[in-house]
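FYI, the numbering for the sequence shown is 3 to 145, going by this note's numbering.
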Amino acid sequence: MSARDRALRGAAAGAAAAAAWAAVEPLAARAFGTDYTDVRLLGRMASERHWVAAGLAVHAANGAAFGAVFALAGGRGPRAGLAWAAAETLATWPGMAVLDRIHPDRRSGRWPRLLTDRRVFAQEAAVHALFGLLLGLMVSGED
């Protein structure tokens with residue numbers, strides 16, 4: 003399989019895994035006792051009024067990009083997907099410090115300080131794990 007085909011396959015898998023994440027995110031927020039979602043985080047940075055559509059679009063695009071890189075790097079199977087998603091969670095979490103300063107829901111007081119909120123971190127770890135598992139399952143075939 004060509005690199006282009008691997009990237010496209012990974013992008014499609016990543017977008018699908020991100021869509022599944024977005025679908026379960028409200029349940030995860032409820033389970034972890036938060037008001038936080040990645041869709042809202044991304045969407046409110048782009049639009050106050052149309053944040054759901056914006057958030058879903060950006061979330062799917064992020065998932066597609068992640069999936070393409072995963073597939074191009076040779077990532078295969080659920081174990082690799084989980085490992086990559088866990089690494090991404092840990093690598094990007096410090097960026098919450100910036101979002102704590104600029105995000106509209108933080109500035110308004112709707113959300114607590116994200117960087118240090120253990121429930122938000124646990125929720126993010128759980129939904130990233132779901133994403134990684136699904137991505138790995140979808141990118142598991144032979145070339």
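Every residue gets a Cβ at the ideal spot worked out from N, C-alpha and C, and that includes glycine.
### Sequence-distant residues of its chain with Cβ nearer than 8 Å to residue 74 (five each side left out)
Here the question's residue 74 lines up with position 72 in the sequence shown. Result list for residue 74: 5, 8, 9, 12, in chain order.
### Query
residue 117 to residue 100, Cα distance in whole Å?
Sequence index remark: in the sequence shown, residue 117 carries index 115 (1-based). Sequence index remark: in the sequence shown, residue 100 carries index 98 (1-based). Rounded to the nearest angstrom, the two C-alpha atoms are 9 Å apart.
### Query
Taking C-alpha atoms, which residue in 14, 43, 139, 80 lies nearest to residue 109?
Numbered from 1 along the sequence shown, position 107 holds the residue referred to as residue 109. Per the Cα distances, 43.
### Query
What are the start and end residues of each continuous alpha helix (DSSP H) run of 4 or more residues lying completely inside the segment 68-118, in chain order?
79-94, 98-104, 106-109
### Message
Going by DSSP in three states, residue 50 sits in which element: helix, strand or coil?
### Response
Counted from its first residue, the sequence shown places residue 50 at position 48. DSSP places residue 50 in coil when its eight states are reduced to three.
### Task
Report yes if the CB atom of residue 38 is closer than 9 Å to the CB atom of residue 48, and no otherwise.
If you number the sequence shown from 1, residue 38 lands on position 36. If you number the sequence shown from 1, residue 48 lands on position 46. Their beta carbons are not under 9 Å apart, which means residue 38 does not touch residue 48 by this criterion.
### Message
Does the contact criterion of 3 or more C-beta pairs under 8 Å hold for the segment 14-22 versus the segment 63-70?
### Response
yes
### Task
Label residue 76 either buried or exposed according to how many other C-beta atoms from any shown protein chain fall within 10 Å of its C-beta, with 16 as the threshold for buried.
Residue mapping note: residue 76 aligns to position 74 of the sequence shown, counting from 1. Burial call: exposed.
### Query
Just to confirm, are residue 83 and residue 138 a CB contact at a threshold of 9 Å?
Numbered from 1 along the sequence shown, position 81 holds the residue referred to as residue 83. Numbered from 1 along the sequence shown, position 136 holds the residue referred to as residue 138. In this structure, residue 138 lies closer than 9 Å to residue 83 by Cβ.
### Query
Do residue 131 and residue 87 come within 9 Å of each other at the CB atom, strictly closer than that value?
Walking along the sequence shown from the start, residue 87 turns up at place 85. Walking along the sequence shown from the start, residue 131 turns up at place 129. Closer than 9 Å, so yes.
### Task
Starting from residue 7, trace the alpha helix (DSSP H) both ways and give me its first and last residue.
Position 5 of the sequence shown, counted from the first residue, corresponds to residue 7. Residues 5-34.
### Task
Report the three-state DSSP secondary structure of residue 141 (helix, strand or coil).
Walking along the sequence shown from the start, residue 141 turns up at place 139. Coil at residue 141, not helix or strand.
### Query
If we ignore side chains and look at the alpha-carbon of each, how far apart do residue 128 and residue 122 end up?
Here residue 128 refers to the residue found at position 126 when the sequence shown is read from its first residue. Here residue 122 refers to the residue found at position 120 when the sequence shown is read from its first residue. About 10 Å.
### Message
Tell me the DSSP secondary structure of residue 40 in three-state form.
### Response
Residue mapping note: residue 40 aligns to position 38 of the sequence shown, counting from 1. Reduced to three states, the DSSP call for residue 40 is helix.
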